[in-house]
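*Asks:* Those sequence lines, one after another, are chains A and B. Here this note's numbering = 1-based position in the first sequence + 9. Here this note's numbering = 1-based position in the second sequence + 38. Heads up, the beta-carbon is just placed ideally off N, CA and C, and yes, glycines get one too. Every value quoted in this text rests on a predicted model; they were computed, and no experiment measured them. Following this message is one structure expressed as structure tokens.
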Amino acid sequence: MFGRGYRELDHPAHQVGAVLETGSHPGRSARDHLRALALPLGVGRRRVDEVLATVGLAAAGDRLTGGFSLGMRGRLTLAAALLGDPALLVLDEPTGGLDPEGIQWLRAFLRSWAAQGRTALLSSHVLAEVAQTVDHVVIISGGRVVLDAPADRLGCGHVEVRTPAAARLAGLLAAQGLVPTGAGHDGLRLPAGTAEQVGQVAAQHGIALVELHTHGPDLEEVYFALTRPHVGAPDDEPGASPVGPPQPGVDAPGRRLR
Amino acid sequence: MTGRQAGVGVLVRTELFKIASSRWQPVALAGILILHVPLMLWAGQDAAASWDGLRSRSGLFTGYFTMAFGVLVVAQDYRYRTAVLAFLAVPGRRRITIAQGITVAAVGVTLSAVLFAAWLVVGVVRYGGPGMHLDRPADVAGAYAVVAVTVWAAGAVGVGVGTLLRGPTGALLALGGCGMVELFPDATRFRGPVTAPLGVLAWPTSELEVTSLASAVCWGSLAVTAGLFAVRRDLPS
Numbered sequence: 010m011f012g013r014g015y016r017e018l019d020h021p022a023h024q025v026g027a028v029l030e031t032g033s034h035p036g037r038s039a040r041d042h043l044r045a046l047a048l049p050l051g052v053g054r055r056r057v058d059e060v061l062a063t064v065g066l067a068a069a070g071d072r073l074t075g076g077f078s079l080g081m082r083g084r085l086t087l088a089a090a091l092l093g094d095p096a097l098l099v100l101d102e103p104t105g106g107l108d109p110e111g112i113q114w115l116r117a118f119l120r121s122w123a124a125q126g127r128t129a130l131l132s133s134h135v136l137a138e139v140a141q142t143v144d145h146v147v148i149i150s151g152g153r154v155v156l157d158a159p160a161d162r163l164g165c166g167h168v169e170v171r172t173p174a175a176a177r178l179a180g181l182l183a184a185q186g187l188v189p190t191g192a193g194h195d196g197l198r199l200p201a202g203t204a205e206q207v208g209q210v211a212a213q214h215g216i217a218l219v220e221l222h223t224h225g226p227d228l229e230e231v232y233f234a235l236t237r238p239h240v241g242a243p244d245d246e247p248g249a250s251p252v253g254p255p256q257p258g259v260d261a262p263g264r265r266l267r
Numbered sequence: 039m040t041g042r043q044a045g046v047g048v049l050v051r052t053e054l055f056k057i058a059s060s061r062w063q064p065v066a067l068a069g070i071l072i073l074h075v076p077l078m079l080w081a082g083q084d085a086a087a088s089w090d091g092l093r094s095r096s097g098l099f100t101g102y103f104t105m106a107f108g109v110l111v112v113a114q115d116y117r118y119r120t121a122v123l124a125f126l127a128v129p130g131r132r133r134i135t136i137a138q139g140i141t142v143a144a145v146g147v148t149l150s151a152v153l154f155a156a157w158l159v160v161g162v163v164r165y166g167g168p169g170m171h172l173d174r175p176a177d178v179a180g181a182y183a184v185v186a187v188t189v190w191a192a193g194a195v196g197v198g199v200g201t202l203l204r205g206p207t208g209a210l211l212a213l214g215g216c217g218m219v220e221l222f223p224d225a226t227r228f229r230g231p232v233t234a235p236l237g238v239l240a241w242p243t244s245e246l247e248v249t250s251l252a253s254a255v256c257w258g259s260l261a262v263t264a265g266l267f268a269v270r271r272d273l274p275s
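Printed below as a string of structure tokens:
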């Protein structure tokens, strides 16, 4: 962490906030739980109230944590990590136990955290959730870094179109240089970022679209492609590989962890 | 390890705050004092018996309470997964164990001091100052010193075993079982980690089982030393 071992940091909790365990004494209030953690950090009551407000637990600060839901416990753990006002947040499976509202809240919180110029390191096996949140992806398999790349360079997003006139639309798009990467009897798959162009072509030629949407990077596909190169994806057809050609900034697979 | 992380003094304050802010621990501590009040009001003896009972009345129950309290203070952090949060804030785990040992000892020694003073006052009111050796202050100070050292040792055993076993139920059962076993062989009776405090405090104030006192101190020191090594073990994920 910051070029040094965690134990060697002068003020570790002021540099790194870790969300690893949702632990709290059930017979202690949320505010007192945080105050007990704040004392060794030299952090005062005002900061405790601030972090309670940040995670949306200001009204529950004086309640015993034994009565907290899993989602509230998750927020309390995040509040504890924020006490030292760190530059880096490390979150391990932070969505575990959260309800949909809590997940949405956490996603918004992490985006605003990153927007402040800070870093959040999110460790999760729920790849679909990660894909909606992160800017940079590191995939580790068997002790090796098999991917280290900005999320927008993974080249695995795509546009899906469903229309009764799929063959006709494919021809019209091909005339504009847009070659579908996959096709079915009533649908097409196209590279990411082409949804607007597809919509315009369909509108110009009076083609009714039943469905038109963009899929974000599918990290599950990326993961399986990198960790099981010989196992084909369900739609493992030529040109439909979930991982595009090597992108700038994308690590070659197999860098061993230090 | 750098020296900028929280020191032992701050960590002792933190442990005291955790005790004070807990729902039941302050009640339990007050309960220990309140339980003695009826005994003080109704226990009627002569001056010699009152003096000879001074050490056991103020220290015996308090010593074993402090041992159990030491287990709970440490093991609760593991049971409720707050140890991870504490170790993230203060990676120097040994400082936390030392702070917990000091805190538990301070609580036990304070409780026993209050009870010792209260029983002494009761004796003085009933039998006069000379009956309670107030004319020989060294006797009084020596009697309390034995209580304080033994209560500290009992608390140290609790903190050490709590750190070693990390579970309050398992640690308390282990101590209870150990005490039962110690009572049978002559070699361990009143010399083992659990029964050594009994060997010191169950005897009249005018007698001192030096072997038991030395055993209690050795076991307390050994338990804390073992805890200082054990605290560095990985936490289960």
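1. Rounded to a whole number of angstroms, what is the C-alpha to C-alpha distance between A70/B and T100/B?
2. With 16 other CB atoms within 10 Å as the buried threshold, where does I148/A fall?
3. With distances taken Cα to Cα, identify the nearest neighbour of H23/A among H42/A, R40/A and L46/A.
4. Would the beta-carbon of T52/B fall within 8 Å of that of L48/A?
5. When the Cα atoms are used, what is the spatial distance from P186/B to G14/A?
6. Anything in chain B within Cβ reach of P95/A, meaning under 7 Å, just list it in chain order.
7. Taking just the CA atoms, how far does R271/B sit from A160/A?
8. Pull up the distance between the alpha-carbon of P103/A and that of G193/B, whole angstroms please.
9. Listed from N- to C-terminal order along the chain, which residues in the region 129-152 of chain A have their beta-carbon within a distance smaller than 8 Å of any beta-carbon of chain B?
10. Against G32/A, what residues of chain B qualify as contacts under a CB-to-CB distance less than 8 Å, listed in chain order?
11. If G106/A sits next to L73/A, beta carbons under 8 Å apart, how far is it from one beta carbon to the other, in whole angstroms?
12. Taking the C-alpha atoms as reference points, what is the distance between V145/B and V152/B?
13. Going by DSSP, what residue range makes up the alpha helix (DSSP H) through Y55/A?
14. List, in order along the chain, the chain A residues whose C-beta lies closer than 9 Å to that of A44/B?
15. Any Cβ of chain B within less than 8 Å of the Cβ of G36/A?
16. With DSSP collapsed to three states, give me the class of D157/A.
17. Could you work out which residues of chain B lie near P21/A, taking near to mean beta carbons separated by less than 8 Å?
18. If we ignore side chains and look at the alpha-carbon of each, how far apart do P223/B and P76/B end up?
19. Quick one: using the 10 Å Cβ neighbour count with 16 as the cut-off for buried, is F267/B buried or exposed?
20. On the three-state DSSP scale, how would you describe R171/A?
21. When DSSP builds the beta bridges, which residues end up paired with S38/A?
22. According to DSSP, simplified to helix, strand and coil, what is R119/B?
23. Only counting the same chain, and skipping five residues up and downstream in sequence, which positions put a Cβ closer than 7 Å to that of Y232/A?
24. Measuring only the C-alpha atoms, how far is R204/B from T190/A?
25. To which residues of the same chain is L91/A closer than 7 Å at the C-beta, ignoring the five residues directly before and after it?
26. Under the DSSP definition of a beta bridge, which residues are partnered with T128/A?
27. Specify the secondary structure class of I148/A as computed by DSSP and reduced to three states.
28. Taking CB distances under 8 Å as the criterion, tell me whether D41/A reaches chain B.
*Replies:* Well, looking at it:
1. Reading the second sequence from its first residue, position 32 is the one you call residue 70/B. Reading the second sequence from its first residue, position 62 is the one you call residue 100/B. Just to set this straight, residue 70/B is Ile in the shown sequence, not Ala. If I take the Cα positions, the gap works out to 8 Å.
2. Counting from 1 along the first sequence, the entry for residue 148/A is found at position 139. It counts as buried.
3. Walking along the first sequence from the start, residue 23/A turns up at place 14. Looking at the Cα atoms, L46/A is the closest of the given residues.
4. Your numbering for residue 52/B matches position 14 in the second sequence. Your numbering for residue 48/A matches position 39 in the first sequence. In contact: T52/B and L48/A (Cβ atoms closer than 8 Å).
5. Position 148 of the second sequence, counted from the start, is the residue given in the question as residue 186/B. Position 5 of the first sequence, counted from the start, is the residue given in the question as residue 14/A. Reading the sequence as shown, one finds Ala at residue 186/B and not Pro. Taking the straight line joining both Cα atoms gives about 41 Å.
6. Position 86 of the first sequence, counted from the start, is the residue given in the question as residue 95/A. Correct list: empty, because the minimum Cβ distance to chain B is about 11 Å.
7. For this step, residue 160/A is matched to residue 151 along the first sequence. For this step, residue 271/B is matched to residue 233 along the second sequence. Straight-line Cα distance between these residues: approximately 37 Å.
8. For the purposes of this step, residue 103/A is taken as residue 94 along the first sequence, with counting starting at 1. For the purposes of this step, residue 193/B is taken as residue 155 along the second sequence, with counting starting at 1. Approximately 38 Å, taken between the alpha carbons.
9. none
10. What you label residue 32/A is simply residue 23 of the first sequence in a count that begins at 1. In chain order: Y118, R119, T120, A121, V122 and L123.
11. Position 97 of the first sequence, counting from 1, holds the residue named residue 106/A. Position 64 of the first sequence, counting from 1, holds the residue named residue 73/A. With a Cβ gap of about 19 Å, G106/A and L73/A do not count as contacting.
12. As a position in the second sequence, residue 145/B is number 107, starting the count at 1. As a position in the second sequence, residue 152/B is number 114, starting the count at 1. Between V145/B and V152/B, the C-alpha separation is close to 11 Å.
13. To locate residue 55/A, count along the first sequence from 1; it is residue 46. Before going further, note that residue 55/A is Arg rather than Tyr in the sequence given. Taken as a continuous stretch (DSSP letters only), the alpha helix (DSSP H) holding R55/A covers R54 to T63.
14. Taking the first residue of the second sequence as position 1, residue 44/B is located at position 6. What A44/B touches in chain A: L48, P49, L50 and G51.
15. As a first step, residue 36/A is located in the first sequence; it is residue number 27 there, counting from the start. So, interface residue.
16. Here residue 157/A corresponds to residue number 148 of the first sequence, with the count starting at 1. DSSP places D157/A in strand when its eight states are reduced to three.
17. Taking the first residue of the first sequence as position 1, residue 21/A is located at position 12. Here the neighbours are Q43, L126, A127 and P129.
18. By 1-based counting over the second sequence, the position of residue 223/B is 185. By 1-based counting over the second sequence, the position of residue 76/B is 38. Cα to Cα, the separation comes out at about 36 Å.
19. Reading the second sequence from its first residue, position 229 is the one you call residue 267/B. Exposed: under 16 other Cβ atoms inside 10 Å.
20. One-based indexing of the first sequence puts residue 171/A at position 162. If DSSP states are grouped into helix, strand and coil, R171/A belongs with the strands.
21. Taking the first residue of the first sequence as position 1, residue 38/A is located at position 29. DSSP lists L73/A as partners of S38/A.
22. Locating residue 119/B in the second sequence gives position 81, where the first residue counts as 1. Coil, per DSSP.
23. Taking the first residue of the first sequence as 1, we reach residue 232/A at position 223. Cβ within range, chain order: L136 and I148.
24. Reading the second sequence from its first residue, position 166 is the one you call residue 204/B. Reading the first sequence from its first residue, position 181 is the one you call residue 190/A. Their Cα atoms are separated by approximately 57 Å.
25. By one-based count along the first sequence, residue 91/A stands at place 82. Once the five neighbours on either side are set aside, the close Cβ partners of L91/A are G26, V60 and T63.
26. As a first step, residue 128/A must be located in the first sequence, where it is residue number 119. For T128/A, which the question treats as bridged, DSSP gives the partners L97/A.
27. By 1-based counting over the first sequence, the position of residue 148/A is 139. In the structure shown, I148/A sits in a strand (DSSP, three-state: E or B).
28. One-based indexing of the first sequence puts residue 41/A at position 32. Yes, D41/A counts as interfacial toward chain B.
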